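A.B. asks: Take a look at this one; I'll ask things after.
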Amino acid sequence: LSQSERCIVGTGLERQTALDSGVSAIAEHEGKIIYTDPHKIIFASNGDTTISIPLVICQRSNKNTCMHQKPQVSRGKCIKKGQILANGAATVGGELTLGKNVLVAYMPWEGYNFEDAVLISERLVYEDIYTSFHIRKYEIQTHMTSQGPERITREIPH
């Protein structure tokens with residue numbers, strides 16, 4: 030999802046699952062944040078060594094979902110070893126977040142939700158509550174024709 034949030038009712042394993050997934054950037058040393066932007070986090074460790082951590086931005090996963098990391102720390106902040114520096118695509122505050130908290134009512138409504146149908150509020154659609162990003166990779170091959178190499182265009186031939 031583009032905007033995940035922590036679950037109200039959880040299993041208790043959300044933090045451990047998020048850490049085991051490897052999608053969050055975690056500090057390997059103690060130090061102080063020097064610079065942060067959407068592409069990288071730079072911090073100085075206690076040994077006066079500058080460490081740059083590149084962040085993943087809009088990268089395709091094996092399931093065609095969009096993987097990205099968002100910085101969780103700000104400039105000048107002191108960090109400890111093991112602290113979360115950047116959230117992954119399905120984590121918030123170092124916890125696994127796979128959805129949104131919404132109010133649900135089970136009730137008949139003019140026959141529209143008969144058997145397996147589910148009705149949702151228009152607000153969920155218009156405010157992009159459950160919007161997610163997918164990246165697909167398409168490859169095509171061009172062939173050599175008698176008139177030269179094949180051209181790819183979005184124009185429709187007449």
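Start counting the sequence shown at 30; every next residue gets the next number (the working numbering).
Just so you know, even glycine gets a beta-carbon here, dropped at the ideal spot from N, CA and C.
From a predicted model like this one, the values you see are computed outputs, not experimental measurements.
1) By the DSSP assignment, the alpha helix (DSSP H) with Tyr155 in it spans what residues?
2) Does DSSP classify Gln101 as helix, strand or coil?
3) Among Asp66, Ser175 and Gln88, which one has its Cα closest to the Cα of Lys166?
4) Mind checking Pro100: buried by the 16 CB within 10 Å criterion, or exposed?
5) Looking only at its own chain, which residues have a Cβ that is under 6 Å from the Cβ of Ile13, when we skip the five neighbours before and after it?
6) Where do the N-terminal and C-terminal ends of the alpha helix (DSSP H) with Thr115 fall, by residue?
7) Glu43 by DSSP, collapsed to three states: which one?
C.D. replies: Straight from the coordinates:
1) Glu151 to Tyr155 is the span of the alpha helix (DSSP H), which, as asked, contains Tyr155.
2) In the structure shown, Gln101 sits in coil (DSSP, three-state: anything other than H, G, I, E or B).
3) When each option's Cα is compared against that of Lys166, the closest is Gln88.
4) By the 10 Å Cβ count, Pro100 comes out buried.
5) Residue numbering for the chain in the displayed model covers 30 to 187; residue 13 lies beyond these limits and cannot be assessed.
6) Just to set this straight, residue 115 is Ala in the shown sequence, not Thr. Premise fails: Ala115 lies in the beta strand (DSSP E), Ile113 to Asn116, not in any alpha helix (DSSP H).
7) In the three-state scheme derived from DSSP, where H, G and I count as helix and E and B as strand, Glu43 is classed as helix.
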